[in-house]
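One structure below.
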Amino acid sequence: MSSKLEQLQALLAPVVEGLGYQCWGIEYVSQGKHSVLRVYIDKEGGILVEDCEAVSRQASAILDVEDPISSEYTLEVSSPGMDRPLFTLEQFASHAGEQVKIKLRTPFEGRRNFQGLLRGVEEQDVVVQVDSHEFLLPIDSIDKANIIPSFD
Numbered sequence: 001m002s003s004k005l006e007q008l009q010a011l012l013a014p015v016v017e018g019l020g021y022q023c024w025g026i027e028y029v030s031q032g033k034h035s036v037l038r039v040y041i042d043k044e045g046g047i048l049v050e051d052c053e054a055v056s057r058q059a060s061a062i063l064d065v066e067d068p069i070s071s072e073y074t075l076e077v078s079s080p081g082m083d084r085p086l087f088t089l090e091q092f093a094s095h096a097g098e099q100v101k102i103k104l105r106t107p108f109e110g111r112r113n114f115q116g117l118l119r120g121v122e123e124q125d126v127v128v129q130v131d132s133h134e135f136l137l138p139i140d141s142i143d144k145a146n147i148i149p150s151f152d
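Its first residue numbered 1, the sequence shown is counted upward by one per residue in UniProt numbering.
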């Protein structure tokens, strides 16, 4: 995790949790004037628009005071949704048995994209089965990972 993400996590997670929500994860995509800070929140029973509004108001106030991002950005507060992103080893472990799509920062065994069955975690690695091959992907090399929703 980058130091900017760690800083944002340390700043925003207590705010989210103080409002009674779980801070599922934070994404910061720096794209010049179109940067986006996305905060995913969750709670038992799901997230409503009002929940996102409440967290957005509090997060905005903290961000205005602390000013951790010097450039312009858009703050988005969202539920993780059905295709929820996975950020931590605990999240990967709790979703073992589901289909996932994983993108790595750098190639591993010649590829960056993996789609298959999430088997679980082993130490600092995420275990994913693609066809008949099992891959141990280091959590630190994962750029993006999402659950693939199942509708059966």
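Backbone N, C-alpha and C fix where the C-beta goes; we use that ideal spot for every residue, glycine too.
- prompt: By Cβ distance, which residues of its chain are closer than 7 Å to residue 27, with the 5 residues on each side in sequence left out?
  reply: Position 27 of the sequence shown, counting from 1, holds the residue named residue 27. So the list reads 38, once near-sequence residues are dropped.
field: Segment limits, beta strand (DSSP E) that includes residue 38
entry: Taking the first residue of the sequence shown as 1, we reach residue 38 at position 38. Where residue 38 is concerned, the enclosing beta strand (DSSP E) stretches over 35-42.
- request: Starting from the N-terminal side, write out each stretch of the beta strand (DSSP E) that is 3 residues or longer and does not extend beyond the segment 27-97.
  value: 35-42 and 73-78
message: Given this structure, state the Cα-to-Cα distance separating residue 74 from residue 98, to the nearest angstrom.
response: Numbered from its first residue, the sequence shown carries residue 74 at position 74. Numbered from its first residue, the sequence shown carries residue 98 at position 98. Rounded to the nearest angstrom, the two C-alpha atoms are 32 Å apart.
message: Below 8 Å on the Cβ atoms is my contact criterion, and I expect residue 103 with residue 140 to pass it. Report the Cβ-Cβ distance as a whole number of Å.
response: Counting from one through the sequence shown, the residue named residue 103 turns up at place 103. Counting from one through the sequence shown, the residue named residue 140 turns up at place 140. Actually they do not touch by this definition, with Cβ atoms about 14 Å apart.
message: Taking only three categories from DSSP, how would you classify residue 102?
response: In the sequence shown, the residue the question calls residue 102 occupies position 102. Reduced to three states, the DSSP call for residue 102 is strand.
- prompt: Exposed or buried, what is residue 46 when buried is set at 16 or more other beta-carbons lying within 10 Å of its beta-carbon?
  reply: On the sequence shown, residue 46 is found 46 positions in, with the first residue counted as 1. By the neighbour-count rule (16 or more Cβ atoms within 10 Å), residue 46 is not buried but exposed.
field: Proximal residues to residue 134 (C-beta, below 7 Å), its chain only, five neighbours per side dropped
entry: As a working note, residue 134 is residue 134 in the sequence shown. If we look at residue 134 and ignore the five residues flanking it on each side, its Cβ neighbours are 119 and 127.
query: What residues match up with residue 140 in a beta bridge as DSSP calls it?
result: By 1-based counting over the sequence shown, the position of residue 140 is 140. According to DSSP, residue 140 bridges with nothing at all.
- prompt: Expressed to the nearest angstrom, what Euclidean distance is found between the alpha-carbon atoms of residue 112 and residue 106?
  reply: Taking the first residue of the sequence shown as 1, we reach residue 112 at position 112. Taking the first residue of the sequence shown as 1, we reach residue 106 at position 106. Rounded to whole angstroms, residue 112 to residue 106 spans 6 Å at the Cα level.
field: Local conformation of residue 129 per DSSP, three classes
entry: For the purposes of this step, residue 129 is taken as the residue at position 129 of the sequence shown. Strand.
Distance between residue 101 and residue 35 (C-alpha atoms, nearest Å): By one-based count along the sequence shown, residue 35 stands at place 35. By one-based count along the sequence shown, residue 101 stands at place 101. Between residue 35 and residue 101, the C-alpha separation is close to 24 Å.
Best match in 5, 56, 50 and 24 for proximity to residue 94 [C-alpha to C-alpha]: In the sequence shown, residue 94 corresponds to position 94, counting from 1. Measuring from the Cα of residue 94, the nearest candidate turns out to be 24.
message: Quick check on the burial criterion: 16 or more other C-beta atoms within 10 angstroms. Buried or exposed for residue 80?
response: As a first step, residue 80 is located in the sequence shown; it is residue number 80 there, counting from the start. Residue 80 should be labelled buried.
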